[in-house]
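Numbering-wise, the sequence shown is residues 13 to 299 according to our numbering.
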Amino acid sequence: MAIQLDSATRNSLFDRIRFYRDLGLTEFYRRPVDPALLAQLAAEPEPQQSRSASAPEPASETKKAPSQPLFSQEEQPIPPRKPLPIPPEIAAAVPPAGRAAALQLIRDEIGDCTRCPLHSGRHKLVFGDGDPAARLMFVGEGPGADEDAQGLPFVGKAGQLLNNMINAMGLKREQVYIANVVKCRPPGNRTPAPEEGATCSPFLFRQIDVVRPQVLVALGATAATYLLGVRQPLAGLRGRVHAVRGTQLIVTYHPAYLLRDPRQKKEAWADLQIAMRELGLKPPAKS
Ligand code: SF4
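Here is the structure:
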């Protein structure tokens, strides 16, 4: 029997889960509730709201012990987590002059892709954008509504914040390359399912091999998970330099998360400063 939540509770639950997701806690399960208990709860009258705090509880309530536990004693086993996909072998280096054409070859191979279920809801496939020979590459999770409409990565509010972050590093957006783990928008901006990420991420790895950035920045937990091949909360991955596909990887928060919790911008800036150090960049002088 399904319990209908009111919209405020549903929204608050959604925000909480999204918050956990941003922190890298992406997998949840529900303990099954005993159907007999649900039936009993549904049959019970609503509790009186107007009783004063000092008024004694009716005897029937003070003595009443729950006849059944809230959750079933026989919990369902949690299915084992699927292993993360094994990335393809690192491809041979492409000279800078040939990188735009090499990226176009990957785009042509993706074509009007129907390899995973995400194709059914997309308006535009979002391949990637920027300098094919960039020294710095950002990797996000997947397109949102604005990106799905325009066919370009990071063009909504989160994209504006990413542009500001890039400018603060002393670079222009055209000087970096930006791509996502999945190229089609997951419905409701949910995290890509493991099958979707596993199907699409090999294209991302090939993009990385072509661009050969000196530094990769993973924006958020999903990007970090697929790039590093480990499931770990973001907190354990930030603040240091990882090695991925012959390049250096820095992990930081997704700009969409920073819009929801601007207090973390200082932390994100500290991550970007690690990237700048690796690139030999100094922040532009304040005018
Ligand atoms: Fe194809 Fe990737 Fe889109 Fe799935 S997300 S349909 S694999 S391009």
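All residues carry an ideal CB built from backbone N, CA and C; glycine is no exception.
What you are looking at is a predicted structure, and each value in this text was computed from that prediction instead of being measured.
With respect to the C-alpha of residue 247, the residue from 200, 231 and 107 having the closest C-alpha is 231.
Considering only 275, 282 and 105, the residue with the shortest C-alpha distance to residue 251 is 282.
Counting only runs that start and end inside the segment 133 to 208, the beta strand (DSSP E) elements of at least 3 residues fall at 148 to 152 and 189 to 192.
For the pair residue 196 and residue 266, the CB atoms are not nearer than the 8 Å cut-off. These are the residues, in chain order, with a beta carbon less than 7 Å from any non-hydrogen atom of ligand 1: 122, 125, 126, 127, 128, 130, 131, 134, 137, 194, 195, 196, 208, 211, 212 and 215. By the CB criterion at 8 Å, residue 228 and residue 188 fall outside the cutoff. Beta-bridge annotation (DSSP): residue 242 is not paired with any residue. Check the Cα spacing between residue 145 and each of 210, 219, 134 and 153: the tightest is with 219. When secondary structure is reduced to three states using DSSP, residue 262 falls in the strand class.
Secondary structure of residue 291 (DSSP, three-state): helix. Of 113, 206, 165 and 180, the smallest CA-CA separation from residue 190 is found for 165. The C-beta separation of residue 115 from residue 194 comes to about 17 Å, leaving the pair out of contact by the 8 Å criterion.
CA-CA distance, residue 202 to residue 233, rounds to 13 Å. With a contact defined as Cβ atoms closer than 8 Å, residue 137 and residue 156 miss out at about 14 Å. At a Cβ-Cβ threshold of 8 Å, residue 270 and residue 277 count as neighbours. For the options 21, 98 and 22, the alpha carbon positioned closest to that of residue 238 is the one of 98. Of the candidates 290, 27, 292 and 212, 212 places its Cα closest to the Cα of residue 100. When secondary structure is reduced to three states using DSSP, residue 231 falls in the strand class.
Residue state for residue 104 is assigned as coil, using DSSP reduced to three classes.
Boundaries of the alpha helix (DSSP H) harbouring residue 112: 111 to 122, taken from the DSSP string. Taking C-beta atoms as the reference points, residue 148 and residue 274 fail to come closer than 8 Å. Excluding sequence positions up to five before and after residue 184, its CB lies within less than 8 Å of the CB of 178, all in the same chain and listed in chain order. The C-beta separation of residue 293 from residue 182 comes to about 5 Å, placing the pair in contact by the 8 Å criterion. In this structure, residue 96 and residue 258 do not form a Cβ contact; the two beta carbons are roughly 19 Å apart against a cut-off of 8 Å. Rounded to whole angstroms, the gap between the alpha carbons of residue 117 and residue 279 is 37 Å. In the DSSP assignment, residue 268 falls within the alpha helix (DSSP H) that extends over 267 to 272.
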